[in-house]
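Using the working numbering, you'd call the opening residue of the sequence shown number 1 and step up by one each time. For each residue, glycine too, the CB sits at the ideal point set by N, CA and C. What follows is a set of notes on a single structure, which appears directly below.
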Amino acid sequence: MIASSQPPQLRAPAGSVLARLYKEPQTFDFFQAVRLLERSNQAEPHEERSPCVRFRAHNSSAFPASEIYDLEASPDDPQATEMTVTFLGLTGPSGVLPHHYTEMLLRLHRELRGDHKFALRDWFDLFNDRLTRLFYRVWEKNRFWVPYSRREFEKKSPDAFTQGLLSLGGFGLPTLRDRLQRPSDNAGVSDLALLRYSGLLAQQRRSPENLRRMLIDYFQIPIEVKPLQGQWLSLDQSQQTKIGRYRHNQQLGKTAVLGRRVWELQHKFRLQLGPLTLDQFNEFLPAPPEMDVASHRGQEALCGQGQWSLGQLTRVFVGPSLDFDVQLVLKKDEVPRTQLSGQPAKASRLGWNAWIGTQPAKEDQANASFTVDN
1 MIASSQPPQL RAPAGSVLAR LYKEPQTFDF FQAVRLLERS NQAEPHEERS
51 PCVRFRAHNS SAFPASEIYD LEASPDDPQA TEMTVTFLGL TGPSGVLPHH
101 YTEMLLRLHR ELRGDHKFAL RDWFDLFNDR LTRLFYRVWE KNRFWVPYSR
151 REFEKKSPDA FTQGLLSLGG FGLPTLRDRL QRPSDNAGVS DLALLRYSGL
201 LAQQRRSPEN LRRMLIDYFQ IPIEVKPLQG QWLSLDQSQQ TKIGRYRHNQ
251 QLGKTAVLGR RVWELQHKFR LQLGPLTLDQ FNEFLPAPPE MDVASHRGQE
301 ALCGQGQWSL GQLTRVFVGP SLDFDVQLVL KKDEVPRTQL SGQPAKASRL
351 GWNAWIGTQP AKEDQANASF TVDN
């Protein structure tokens, strides 16, 4: 993108805050003024190359009435803006050098003719610019919302605050970024959303209540976590009881097992979502088994974004050691009539979104349950 050659004042839209800043810079706070210039030029005020604003110190003995004395286009670079400040610098009302340096600059300005009368002032401003730039960076360092407004969280190397939150949640390495987004269309849980839950993800002991609160906060729907849901676990052949030549696991009360599977209660829970509206209900349903490869409408493309995000966010919270399924509860006044459809995404599926009957439902429907496998 080629930058405009117009001065910054002319590029500011009429009636905008930026236009008011150039017209009345004395009415603005210093930090807010720099942020406005930074966002309008899409550059950082502390960049070493092509800075959007350059700072000068106001050389005067008068008491300053505002933090900013003047704001104008730089004579050396039409893309940059020069800001004259009163609160910081080597010379001026708040200068750190003895006051006679300020008087000397004022005398040179009165007595000399030509551009060389600004030589000493410009030399001092080399240090003033760097000093003011560092002052802004110190202010910005502990205000996380400043780099957030520049969308630095989208960069591979975000600001230190964002990087710290990502590390707390277990996503600090560049290779772990965007791991909860669906590869086909980038739908799913963004890293920005994960920053909100870094405190919960950093805990070693993760309770059902924290999981419920996190999911409710993200999806904004009623959710209940029901632990201790039983499931059948298939036994490997080496763990089954066999009688004969290769007999093993035959000791009653210790190793003997009747059958090829066992009933287990500790490692599975259920997420109950609802009551939901029909649109919310369909969003959390799994994709139909039909896939149209030619038009790239596979299972991922047809799957509701809510179902994918629910599985990813829950899995990253509970880890790989627990299984879970999802039960959807549809509001009784949202139960639709069953209709045939040639579109797989809208087709009625038995056990999930198909109900037989002509009378309105008298209670919420909780028939749809499925396992999320992400």
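Distance between beta carbons of residue j and residue i, contact taken as under 8 Å
i: A361; j: V335; result: 4 Å
i: G169; j: S207; result: About 17 Å separates the two Cβ atoms, so there is no contact after all.
i: P93; j: F63; result: 7 Å
i: H267; j: L322; result: 6 Å
i: K156; j: P183; result: About 18 Å separates the two Cβ atoms, so there is no contact after all.
i: R121; j: N59; result: 7 Å
i: L392; j: R205; result: Since the first residue of the chain shown is 1 and the last is 374, residue 392 is not available in this structure.
Contact set for residue i: own chain, Cβ-Cβ below 6 Å, skip 5 residues either direction
i: V372; result: G311, V326
i: Q365; result: L330, V335
i: Y101; result: T91
i: N210; result: L200
i: F281; result: L328, L330
Helix, strand or coil at residue i [DSSP, three-state]
i: N41; result: helix
i: M291; result: Residue confidence is low: M291 scores 44 on pLDDT, short of 50, so the model does not pin down where it sits. Its coordinate-derived value is still stated next. Residue state, collapsed to three classes: coil.
i: A361; result: coil
i: L233; result: strand
i: I243; result: coil
i: R261; result: strand
i: A62; result: coil
i: A57; result: strand
i: R337; result: coil
i: S369; result: strand
i: I68; result: strand
i: V189; result: coil
i: I2; result: Model confidence at I2 stands at a pLDDT of 41, short of 50, so the residue's coordinates are unreliable; what they give is reported in the following sentence. Looking at I2 - three-state DSSP - the assignment turns out to be coil, as it is neither helix nor strand.
i: A73; result: strand
Opening and closing residue of the alpha helix (DSSP H) in which residue i lies
i: A119; result: 119-141
i: G311; result: 305-318
i: E103; result: 99-111
i: V96; result: That residue, V96, is in no alpha helix (DSSP H); it is neither H nor E in DSSP.
i: A19; result: 17-23
i: V146; result: 145-149
i: D178; result: Unbroken run through D178: none, as it is neither H nor E.
i: A160; result: 160-168
i: I216; result: 208-219
i: G199; result: 198-201
Residue i and residue j closer than 8 Å at C-beta
i: S165; j: L134; result: Contrary to the premise, residue 165 reads as Leu rather than Ser in this sequence. No, these two residues do not count as a Cβ contact at 8 Å.
i: L71; j: T91; result: no
i: F30; j: E67; result: yes
i: I223; j: R212; result: yes
i: R107; j: A80; result: no
i: W263; j: W232; result: yes
i: Q250; j: T241; result: yes
i: M214; j: F324; result: no
Spatial neighbours of residue i in its chain, beta-carbon cut-off 7 Å, leaving aside the 5 residues before and after
i: L36; result: V17, L18, L21
i: K226; result: F269, R270, Q272
i: F127; result: L90
i: T132; result: F55, V85, L88
i: F144; result: F161
i: F370; result: P286, D325, V326
Enclosing beta strand (DSSP E) for residue i [first to last residue]
i: G274; result: 268-276
i: D77; result: Premise fails: D77 is in no beta strand (DSSP E) and is neither H nor E.
i: L328; result: 323-330
i: K226; result: 223-226
Close beta carbons around residue i, own chain, < 8 Å, minus the five adjacent residues each side
i: F284; result: L273, L276, G304, G306, Q307, L310, V326, L328
i: G188; result: L180, Q181, R182, Q305, W308, S309, Q312
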